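Have a look at the structure below before the remarks.
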Amino acid sequence: MEEDVFCKIIKGELPAYKVFEDERFLAFLDINPKSKGHTLVIPREHYRWIWEIPYFGDFFETVKSIERKIEKVLNPDFIELKVWGMDVPHAHVHLIPHYSKEQNEENFSSLAEKIRISNA
Numbered sequence: 004m005e006e007d008v009f010c011k012i013i014k015g016e017l018p019a020y021k022v023f024e025d026e027r028f029l030a031f032l033d034i035n036p037k038s039k040g041h042t043l044v045i046p047r048e049h050y051r052w053i054w055e056i057p058y059f060g061d062f063f064e065t066v067k068s069i070e071r072k073i074e075k076v077l078n079p080d081f082i083e084l085k086v087w088g089m090d091v092p093h094a095h096v097h098l099i100p101h102y103s104k105e106q107n108e109e110n111f112s113s114l115a116e117k118i119r120i121s122n123a
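In the numbering used here, the protein residues as written are 4 to 123.
In structure tokens:
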């Protein structure tokens, strides 16, 4: 099987603005964000579909933890969770903040650091 872009990010072959990482999961800013703070959360081990992840509950506990960090740092009106999977064949979820006011531009590196160090 050919490696997908997320596997290459995990291996460090492609850059990413990481907001969280541990031995099982990785979260990083989407390079084509729907909004400021749009984050992808993935398992490090390759699974094609979300329901294949054997530690499904832990995955979503991590997603919830990252959502809280985004909420604390960016204060959106709400954060939408999307489970898409057709573009990249690697299990992942999108956390997409929504705002009633237009957000200022901020570089990815600075934004990733703020979310990463948040103690939410």
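Glycine is no exception: its CB is placed at the ideal position from the N, C-alpha and C atoms.
If you're wondering where the values come from, they're calculated on a predicted model, not measured in any experiment.
Could you check where the beta strand (DSSP E) with Ile12 kicks off and where it finishes? First-last for Ile12: 8 to 13, but that is the alpha helix (DSSP H), not the beta strand (DSSP E).
What's the call for Tyr20, buried or exposed, on a 16-neighbour Cβ count within 10 Å? buried
Could you check where the beta strand (DSSP E) with Val96 kicks off and where it finishes? 96 to 101
Reduced DSSP category for Val76 - H, G, I as helix; E, B as strand; rest coil: helix
Straight-line gap, Gly15 to Val8 (C-alpha atoms, nearest Å): 11 Å
By alpha-carbon positions, which one of Ser38, Glu55, Asn110, Asp33 ends up nearest to Ala94? Glu55
Among the candidates Phe81, Tyr102, Leu77, Lys85, whose CA atom is the shortest distance from the CA of Ile45? Lys85
Kindly list the residues whose CB is nearer than 6 Å to the CB of Ile53, restricted to its own chain and excluding five residues on each side of it in sequence; keep chain order. Val86, Ala94
Buried or exposed, going by whether 16 or more other CB atoms sit within 10 Å of the CB of Ile34? exposed
In three-state DSSP terms, what is Ala30? strand
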